[in-house]
């Protein structure tokens, strides 16, 4: 049975949730597969910008520096959290205002975790590839501007990452399931919004 792009995205998210529950991942550990998802969204966005009517090398370079720079900083942050955790997976974080030191759970990693991360990245790549094919057809019909193609990936990733980072800060029992469900809803909402934006663009041509 062939999944629709929306169903494929849901399936990838559900697979991530199942892996998190089996492996006992915390919220910080969940940021890794979703960082990979964001990078994949960016790569497909670059392909769409390259194929757009008014896109050129300058647009691609600007998007690469802006979007890529953000994700490089994000990667450095994740590596710092992962490598600075103690044997129990805790990282001391100091409140700059009060000087109070709190313990943030960054997770305890096992070799299987990284294998699962790679598998989940492939899953997100396949789901967004299906979506990309549908978008290419819409792009040919509507010829969206480069500005709109620039904005769409940020609309896709910001709600989901804000949701996850809020989960990291709040912590507590049940956080992973609750914020994963919110993340899935954010993914679905942004997927639908993206298609509606393209539909509006089509209707104006």
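Numbering (this note's numbering), first residue to last: 3 to 207.
For each residue, glycine too, the CB sits at the ideal point set by N, CA and C.
In chain order, which beta strand (DSSP E) runs of at least 3 residues are fully inside the region 64-136? 92-96, 103-107
Cut-off 8 Å between Cβ atoms - residues of its own chain near residue 16, not counting five sequence neighbours on either side: 186
The alpha helix (DSSP H) spanning residue 5 covers which residue range? Run containing residue 5: none; DSSP gives neither H nor E here.
Coarse secondary structure for residue 27, derived from DSSP in three states: coil
Per DSSP, what kind of secondary structure is residue 149 in: helix, strand or coil? helix
Mark residue 39 as exposed unless 16 or more other C-beta atoms lie within 10 angstroms of its C-beta, in which case mark it buried. buried
Does the region 112-119 come within contact of the region 84-94, defined as at least 3 CB pairs closer than 8 Å? no
Anyone know if the C-beta pair for residue 44 and residue 155 falls short of 8 Å? yes
Please report how far the alpha carbon of residue 149 lies from the alpha carbon of residue 103, in whole angstroms. 43 Å
Could you tell me whether the Cβ atoms of residue 129 and residue 14 are closer together than 8 Å? yes
Establish whether the CB of residue 59 and some CB of chain D are separated by less than 8 Å. You won't find chain D in this structure, because it holds only one protein chain.
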